[in-house]
Amino acid sequence: MKRAFLSGNEAVARGAYEAGCHLAAAYPGTPSTEIVETIAKLYPEIKTEWSVNEKVAMEVVLGGSFAGARVLTAMKHVGLNVAADPFFSAAYIGATGGMVVVTADDPSMHSSQNEQDNRHYAVSAKVPMLEPSDSQEAKDFTILAFELSEKYDIPVLLRLTTRISHSRSVVELGERKEVKVKGYVKNPKKRIIIPAHARELHVLLEEKLKKLQEYAETTEINRVEPGQSDDFGVITSGISYNYVKEIFPDAWVLKLGMSFPFPAKLVREFASRFERLIIVEENDPFLETFVRATLYSDDSGLSLERVLEKAPMVDHHNLSRPEVIGKKVVPICWELSQGRLKRAFGMKTPETKSYPSPLPPRPPVLCPGCPHRATFYAIRKLRLHATGDIGCYTLGLMPPFNALDTTVCMGASISNYWGLESVLGEEFSKKAVAVIGDSTFFHSGITGLVNLVHGKSKGTVVILDNSTTAMTGHQPHPGIDRDARGEPAPKVELEELCKGVGIRRVRRVDAFNVKEVVEALKEEVNADEISVVIPTGKCVFVDKTRKSPMRVDESKCTGCKVCTLAGCPALSFDKKKNVAKIDPLLCTGCTVCAQLCRENAIVEGGEES
Amino acid sequence: MKTVNVFFCGVGGQGIITASDLLGIVAMKSGYDVKKSEVHGMAQRGGSVISAVRFGEKVYSPLISEGEADYVLAFELLEGARNLQYLSPEGTMILNTQKIPPLPVLTGDAEYPEDLEEFLKRETPKLIPVDGIKEAKEAGNPRTLNVLMLGILSVFLPFGEEEWLEAIKERVPSKYLEVNAKAFSRGKEIGERARG
């Protein structure tokens, strides 16, 4: 049997392949990106696209499911917020072709704006949910998800977290199952969710959930692992299962692979062995709340007659009621680890040493040669407020730029700006810009821009066009002429789009020309109508050509440090010699720092040593 | 057998993710259960990178917690100091003494402490410092630093040079195979001298 050392994301992609998946669509989002990226790279059998945003991706795959194809969409946790509308409808509509929705949550928000726990979505939207604990399960549960989806006619939520998505473990590979696309048959009662139809569909949905609950009670992916010691039993799921095995190797464990619908009978049975239950899960008391509710009441003996007759309550004395320990001890914020859990439970941890004083941090910064650099320098120089958005350019908040005021969620920049102008008046439009990246703009900035036009805003929107979706790993978007597989594709022209929504003042500027950017921003914020400035320059990962590195002519350098306002990691300041220095191995020759220098002390001809 | 824990740390771009992948592959091919974790993404923007590889009979957590690492491979001095608490009280740190100043130091807003190497020598049970860039250059190419570091580590682990080279062959383009093999050997010599 062939084995591979796969990340959870690669394993999900492999699972989709082996399950005969036909269509995959997604928008990049850490930690989910590699799922569809791997499918695009390795499995040409699966039609794949980077959609404009997660809502579109969900709708696209739903359409594919209508046609009877096996479909998959993947997103980060906040991405499901964007896709929630079609997701909830999909639960009512069902899945003609198996539909798997992958949510990759991010406890400790390693790369996110929050650490929301998307297990709640399964309950709200009423879809079954699987939680793999390693890469092998990530693959196996993906395959199972397609099967369950088709058997029960319902989308299935596959819930990962960063430590599943981005950790690697050993996976046994299988063969691709060829699954026929069922074909499209018109079915308005199923797929048009007008109230008359939806009322019936909800009733059906609840029946499906009952059947799925029975499945959850007996499926082998919900399993009791007997232990040596019965002081307590542990209930856990996902990555937390692994930490439980590290710190409580002898304990009885109920490992839930399917955590919704919640296997109440199984939990009650398990609980009856112990005086104490420990629930180990990251972030929210999701399992804990179910456990408590399950143990608190058993309505299996309840009947309408008993209620109407006001018969005495069912005797619950023989119902085991162990002590339940969950969030009282297990932290709710941030991810867990074996060390963190040991400390939470007062267990002994090794003695360690650390450096006695704080060490300088190593924050992520804009790369040498980044086209965003000059724009943030300009915003700082012009002392503008700037509403910001999500992407590499969020790093404009860092010193030395300190050029952003806000970042809320994808696409919020433009509308946040309009909220500020609406309250503070036209005055504010002369002191502020809204900053957004090209991919983010297509994702959810267009709607904000249209709103600005119709609202009669005088604002200035700055669309940073670096020709890629950079932060997540340089995926294409509709503004560039390639698709997910690198094939040619028509591109949407930003300038035409902005003009098309009725904006007259639209201009591209060379992102690497400091003077041009500064003057454009100055002119446009002072203009008495809405405008769009598009600083244009390719990301260094998209355009890999390098010009000759720059160097500092130390005879001309006066040590004024203006060049350090470019905030470039290739440029350092030597305090002893009182001159700037450029690392020729890092410098890409973009010349932004040279343009800031008033002494012409930064010149071409840096040597690669 | 006790699970072996190897912790990697350094700066984005030094090849740490590849190095930890290689260790994982070698361990898997040698029949061990193995898991690895990493925090990446921000790394390409000059940030810190950490990665953990654990191999043994059956491995559960992909993370290494404080005080659990049998080996810490520190690819850069400041990051080695920053992550010292992961080293076990009996552990070995293999340290590339190269300094890559972070942006706050580059702009003059913070100082790169002068005493880090001394501090690590004092506080680690065993420290193997190496001028990794110099050694990798002499082996043929400074970009083989990551494989050189693995070579040093290899003298402490139960995998033969052949198995390591098999794994390297899988991940490295064939035109760079020879120079990587040289870097690995050189690392191995350094490790053997240090181990005594």
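Protein chains in written order, with this note's numbering: chain A, 29 to 637; chain B, 1007 to 1202.
Ideal placement from N, C-alpha and C gives every residue a C-beta, glycine not left out.
Asked, Found
"Using only the alpha-carbon positions, how far apart do residue 324(A) and residue 350(A) sit?", "10 Å"
"Throw me the rounded Cβ distance for the residue 542(A) and residue 406(A) pair, which I believe falls under 8 Å.", "7 Å"
"In terms of residue numbering, what span does the beta strand (DSSP E) encompassing residue 1039(B) cover?", "1039-1045"
"Can you name the residues of chain B whose CB is closer than 9 Å to the CB of residue 94(A)?", "Neighbours of residue 94(A) on chain B: none; closest Cβ ~35 Å, over 9 Å."
"Please list the partners that residue 567(A) has in chain B, where partner means a Cβ-to-Cβ separation under 8 Å.", "Within chain B, no residue comes near residue 567(A); the closest Cβ sits about 11 Å away, beyond 8 Å."
"Strictly under 8 Å for the Cβ-Cβ distance: is residue 105(A) near chain B by that measure?", "no"
"Short of 8 Å in beta carbon distance, which residues of its chain neighbour residue 1177(B), apart from the five on each side in sequence? Order them along the chain.", "1024, 1027, 1028, 1031"
"Closer than 6 Å by C-beta to residue 575(A): which residues in its own chain qualify, once you throw out the five before and the five after it? Chain order, please.", "617"
"Is the Cβ-Cβ distance between residue 363(A) and residue 265(A) less than 8 Å?", "no"
"Identify the continuous beta strand (DSSP E) that holds residue 286(A) and give its terminal residues.", "286-288"
"With 8 Å as the threshold, decide whether the Cβ of residue 1039(B) is near any Cβ in chain A.", "yes"
"What are the residues of the segment 229-255 of chain A that lie near chain B, defined by any Cβ-Cβ distance shorter than 9 Å?", "none"
"With a cut-off of 8 Å, do at least 3 Cβ pairs link the segment 211-220 of chain A to the segment 141-158 of chain A?", "no"
"For residue 493(A) and residue 124(A), I'd like the C-alpha separation in whole angstroms.", "40 Å"
"Under 8 Å, with one C-beta from each stretch per pair, do the segment 447-457 of chain A and the segment 417-431 of chain A reach the 3-pair mark?", "no"
"With a CB to CB cut of under 7 Å and the five nearest residues on each side skipped, what residues in its chain are close to residue 471(A)?", "55, 80, 81, 438, 439"
"Look up residue 113(A) in the DSSP assignment and say whether it is helix, strand or coil.", "helix"
"What is the residue span of the alpha helix (DSSP H) that residue 396(A) lies within?", "It is not in any alpha helix (DSSP H) - residue 396(A) carries neither H nor E in the DSSP assignment."
"Run the CB neighbour count on residue 451(A), radius 10 Å, all protein chains shown included, and call it buried at 16 or more, exposed below.", "exposed"
"Taking residue 1071(B) as the query, report the chain A residues whose CB atoms sit under 8 Å from its CB, ordered along the chain.", "365, 366, 367, 368, 370, 377"
"Going along chain A in order, which residues have a C-beta closer than 8 Å to the C-beta of residue 1084(B)?", "387, 388, 390"
"Which of the residues in the segment 1129-1143 of chain B, read from start to end, lie with their CB under 7 Å from any CB of chain A?", "1129"
"Can you name, in chain order, every residue of its own chain whose Cβ lies under 6 Å from the Cβ of residue 637(A), other than the five neighbours on each side?", "Low local confidence applies: a pLDDT of 46 at residue 637(A) is under 50, so the model's placement there is unreliable, and no value is given."
"Just to confirm my understanding: we take residue 1169(B), look at its own chain, exclude 5 residues before and 5 after, and list those with CB closer than 7 Å. What are they?", "1032, 1035, 1036"
"Return the CA-CA distance between residue 563(A) and residue 495(A), expressed in angstroms with no decimal places.", "11 Å"
"Within this structure, are the beta carbons of residue 1013(B) and residue 1089(B) separated by less than 8 Å?", "yes"
"Might you give, ordered along the chain, the residues of its own chain that have their beta carbon closer than 8 Å to the beta carbon of residue 51(A), omitting 5 neighbours on each side?", "74, 75, 76, 88, 89, 92, 97, 98, 99, 100"
"In the DSSP output, which residue or residues are listed as bridge partners for residue 264(A)?", "283(A), 308(A)"
"What residues in its chain sit with their C-beta under 8 Å from that of residue 1160(B), if we drop five residues either side in the sequence?", "1167, 1170, 1190, 1193, 1194, 1197"
"Taking the alpha carbon of residue 1040(B) as the reference point, which residue from 1046(B), 1021(B), 1069(B) has its own alpha carbon closest?", "1069(B)"
"Determine the direct distance from the alpha carbon of residue 399(A) to that of residue 537(A), and round the result to whole angstroms.", "11 Å"
"I'd like the ranges of any alpha helix (DSSP H) spanning at least 4 consecutive residues and lying wholly in the segment 445-531 of chain A.", "454-457, 466-472, 474-482, 522-528"
"Between residue 289(A) and the rest of its own chain, which residues show a CB-CB distance below 7 Å, the 5 nearest in sequence each way excluded?", "156, 237, 240, 241, 244"
"Per DSSP, what kind of secondary structure is residue 189(A) in: helix, strand or coil?", "strand"
"Could you tell me the boundaries of the alpha helix (DSSP H) in which residue 578(A) lies?", "Looking at the DSSP string, residue 578(A) is not in any alpha helix (DSSP H); the run it does join, the beta strand (DSSP E), is 578-580."
"How is residue 82(A) classed by DSSP in three states: helix, strand or coil?", "helix"
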